[in-house]
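What follows is a short report on a single structure.
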Amino acid sequence: MIKHTLWEKTALFFRYSHLNMKLVLEYKLNRSLITLAIFCREMISVVVMVLILLRFLHIRGWDLHELLFLYSFLFLSYSLFVFLFAGIRDFDGMVHSGEFDRLLTRPIGLMFQIISARIDFPATLGHGIVGVVLFLNTAFSVGIDWTWQNALYYILVILGGTMIQASIFLLSACFSFWTIKTENMRNLLFFNSRRIAGYPITFYPMLIQKLLIFVVPFSFVNYFPSQFFLRKDDFAPFWEGYLYLTPVVGIVLFFLVYLIWRKGVRSYTSTGNSMFG
Amino acid sequence: MSRAYLELAKKSFQNNLVYRAEYLAGVLNAVVMIFVNISIWRAIYEEEGALEGVQFKMMATYVVLSFLLQTLYVMDEYFVEVKVRSGLISSDLLKPISFRLFVFSNTIGTMIFRLLLQLSPALLLSIVLFQMLPPFSVTMTLYFAISALLGFLVLYNLNFLVWISSFWFYWTFSLVTIKDAAVLIFSGALVPVWFMPDWLADFVEATPFASIYSTPIRIYLGMIPENEIVTGLLVQVLWVVILGLAGAVLWHRASRKLCVQGG
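Going down the list, the protein sequences come from chains A and G.
Counting from 933, one number per residue, gives the positions in the first sequence under the numbering used here.
Counting from 2, one number per residue, gives the positions in the second sequence under the numbering used here.
Take a look at the structure:
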């Protein structure tokens, strides 16, 4: 494979983004409506939370702003995830339609192509706007001193959270190489875990807490990072180190899954029907 | 003539049988969602025994019923859209059957599939896992069944309006999604109406949304006095009629407007 300089890759990435942008702007009204729809869909759980908290003021010591701050991590990191890794999310489809075969024939890294070839702007914006709205409404009212260390920590955990979610999707994508359909299972596992993580994990029985720490590590996407800032009482039973592990979990998990992915690419045999060839 | 529609409903029932993974995912999803929501309500109730005169057990039952109804109320939202966009609708219109009844039969077939094969196991699991309360009385069970069916019809007629809009828009993902969000929030599917702020509760009671989830579940829990149940059911019937008429008018316009691009 030809080695490309970082500069060339960056230029190519922006070229791809440019084309993606054109694709989106071709149907301005439709894409704006889709963005609005995703925004509304994601707001359901936020509105529910607000309605409940308007009535009860706090649940187990968590007030509305703290809960929404906890929630904002999920939206911001997911938004970044669909911005960067929409190709991984839609990988099943790429293999089934034969589009993946096309990528194999091009002289540049596969992962680079998958990442840059697809950007889901409506989903990025839909989730992102919810995340930003929640963040702006809560970040300055839950008693966080925004020093540069805290800001750096925040950026790192958002990136870590993005990597964690990317790893889950990449693992599911790996199964496509051995023609196993995991889309249903993945959606069930991912989106339910995400819903569960919307509230502090201490609201749930021990088994669920363990699952969210060790199996589908969503607790590192939002619970532990927000506890770093909020230090609510219910953090007591957990190990202090969890607060700092998010970026590590993200990188290690992604690296491990990437190894499986490499193995998968090597054993890949095409389905032979390139629909868009 | 009605035999044709019966066959169509049967076909739609059988179509659902093919997707086993989807089926399992549906049951599992319902149980997980019930579990999550009950955990959250348990945390809310920890500090007080009863809120607004509603005990935790009642709230847990509310959650179970709401998610069971949600499983039952899932419809094929893109059935009409796909036909309009692919042009297949032109051959459907040539058939000597009413297109509206065709869509309805298809929806009913799917509903019966969900009732028998998804709702029943999920219900049994819920009784074992979540200790849901039995219905208030035998008559209430009957009222609940009627009310749930009427709720289904209200939602169906509301959905039909959105589906038919595909004759103008071709892509209805946005409209369907926004409609779903409105239904889930305003119908009391996720937060009971009695926990909402007064202004919102008043708004909800004045719309068809309350007829979809809130009315049947409150009947089941015995929260509507016996002499008011019939009024509740009549309100549901009223919404079925209003939305049904709107659907008929819209369909009349749509069928004259239809423009098939090749196909």
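Just so you know, even glycine gets a beta-carbon here, dropped at the ideal spot from N, CA and C.
Taking 8 Å as the threshold (beta carbon to beta carbon), is residue i in contact with chain A?
{"i": "Asn30(G)", "result": "yes"}
{"i": "Leu191(G)", "result": "yes"}
{"i": "Val129(G)", "result": "no"}
{"i": "Glu23(G)", "result": "yes"}
{"i": "Phe196(G)", "result": "yes"}
{"i": "Val104(G)", "result": "no"}
{"i": "Glu174(G)", "result": "One point to set straight first is that residue 174(G) is Phe, not Glu, in the sequence displayed. True, the Cβ-Cβ gap to chain A drops below 8 Å."}
Using the beta-carbon count (16 or more within 10 Å), is residue i buried or exposed?
{"i": "Tyr959(A)", "result": "exposed"}
{"i": "Gln15(G)", "result": "exposed"}
{"i": "Trp164(G)", "result": "buried"}
{"i": "Leu1006(A)", "result": "buried"}
{"i": "Gln1159(A)", "result": "buried"}
{"i": "Ala149(G)", "result": "buried"}
{"i": "Ile1087(A)", "result": "exposed"}
{"i": "Ala1105(A)", "result": "buried"}
{"i": "Asn17(G)", "result": "buried"}
{"i": "Gln1081(A)", "result": "exposed"}
{"i": "Phe145(G)", "result": "buried"}
{"i": "Pro1039(A)", "result": "exposed"}
{"i": "Lys1022(A)", "result": "A small fix is needed here, since residue 1022(A) is Asp in this sequence, not Lys. That one is buried."}
{"i": "Phe1123(A)", "result": "exposed"}
{"i": "Gly1025(A)", "result": "exposed"}
{"i": "His1059(A)", "result": "buried"}
{"i": "Arg115(G)", "result": "buried"}
{"i": "Gly264(G)", "result": "Note that Gly264(G) has pLDDT 46, beneath the 50 cutoff, so the model's placement of it is unreliable and the number below is only indicative. Exposed, since its Cβ has fewer than 16 Cβ neighbours within 10 Å."}
{"i": "Gly1209(A)", "result": "Note that Gly1209(A) has pLDDT 40, beneath the 50 cutoff, so the model's placement of it is unreliable and the number below is only indicative. Looking at its Cβ environment, which holds fewer than 16 other Cβ atoms inside 10 Å, Gly1209(A) is exposed."}
{"i": "Arg219(G)", "result": "buried"}
{"i": "Leu176(G)", "result": "buried"}
{"i": "Trp1193(A)", "result": "buried"}
{"i": "Glu23(G)", "result": "exposed"}
{"i": "Gln119(G)", "result": "buried"}
Can you pull the chain A residues whose beta carbon is under 7 Å from the beta carbon of residue i, in chain order?
{"i": "Ile41(G)", "result": "Tyr1131 and Phe1135"}
{"i": "Val37(G)", "result": "Arg1127 and Ile1128"}
Output, in chain order, the set of chain G residues within a Cβ distance shorter than 8 Å of residue i.
{"i": "Val979(A)", "result": "Ile186"}
{"i": "Ile1112(A)", "result": "The contacting residues do not exist; Ile1112(A) stays about 11 Å from chain G at best."}
Can you tell me which residues form a DSSP beta bridge with residue i?
{"i": "Asp77(G)", "result": "Answer is none; Asp77(G) lacks a bridge partner."}
{"i": "Trp994(A)", "result": "Ile991(A)"}
Measure from the alpha carbon of residue i to the alpha carbon of each residue in the options, then state which is nearest.
{"i": "Thr1056(A)", "options": "Thr967(A), Tyr1131(A) and Gly1173(A)", "result": "Thr967(A)"}
{"i": "Ser13(G)", "options": "Asp199(G), Leu25(G), Met76(G) and Asn38(G)", "result": "Met76(G)"}
{"i": "Met1138(A)", "options": "Pro1169(A), Asn962(A) and Val1089(A)", "result": "Pro1169(A)"}
{"i": "Leu985(A)", "options": "Trp252(G), Ile230(G), Phe57(G) and Tyr46(G)", "result": "Tyr46(G)"}
{"i": "Phe1187(A)", "options": "Ser1151(A), Gln1097(A) and Leu1120(A)", "result": "Gln1097(A)"}
{"i": "Met197(G)", "options": "Ser1099(A), Val980(A), Thr1070(A) and Leu996(A)", "result": "Val980(A)"}
{"i": "Asn30(G)", "options": "His997(A), Lys954(A), Arg1127(A) and His936(A)", "result": "Arg1127(A)"}
{"i": "Phe1017(A)", "options": "Asp995(A), Ile1047(A) and Tyr1003(A)", "result": "Ile1047(A)"}
{"i": "Leu1120(A)", "options": "Ser1108(A), Val1148(A) and Ala1083(A)", "result": "Val1148(A)"}
{"i": "Phe1053(A)", "options": "Trp1110(A), Ile1112(A), Pro1157(A) and Phe1013(A)", "result": "Phe1013(A)"}
{"i": "Phe1044(A)", "options": "Leu1177(A), Ala1071(A) and Leu944(A)", "result": "Leu944(A)"}
Whose Cβ in chain A lies nearer than 9 Å to the Cβ of residue i?
{"i": "Ala26(G)", "result": "Asn1116, Met1117, Asn1119 and Leu1120"}
{"i": "Val33(G)", "result": "Leu1120, Asn1124, Arg1127 and Ile1128"}
Taking only beta-carbon positions, decide if residue i is within less than 8 Å of chain G.
{"i": "Met1138(A)", "result": "no"}
{"i": "Leu968(A)", "result": "yes"}
{"i": "Ile984(A)", "result": "yes"}
{"i": "Leu1008(A)", "result": "no"}
{"i": "Tyr1190(A)", "result": "no"}
{"i": "Gly1209(A)", "result": "Confidence at Gly1209(A) is low in this model, with a pLDDT of 40, below 50, so its placement is unreliable and the value that follows should be read with caution. No, Gly1209(A) lies away from the interface with chain G (no Cβ there is under 8 Å from its Cβ)."}
For residue i, return the contacting residues in chain G, with the cut-off set at a CB-CB distance below 7 Å.
{"i": "Arg992(A)", "result": "Ala44 and Glu47"}
{"i": "Cys972(A)", "result": "Thr178, Ile179 and Ala182"}
{"i": "Ile962(A)", "result": "In the sequence on display, residue 962(A) carries Asn and not Ile. What Asn962(A) touches in chain G: Trp172."}
{"i": "Leu965(A)", "result": "Ser175"}
In chain G, what lies closer than 9 Å to residue i by C-beta?
{"i": "Ile976(A)", "result": "Asp181, Ala182, Leu185, Ile186 and Leu191"}
Please indicate yes or no: does the CB of residue i lie closer than 7 Å to some heavy atom of the ligand MG?
{"i": "Pro122(G)", "result": "The model depicted lacks the ligand MG and carries no ligand whatsoever."}
Quick check on residue i - is its C-beta less than 8 Å from some C-beta in chain B?
{"i": "Leu1185(A)", "result": "In summary, chain B is missing from the structure at hand, where the protein chains are A and G."}
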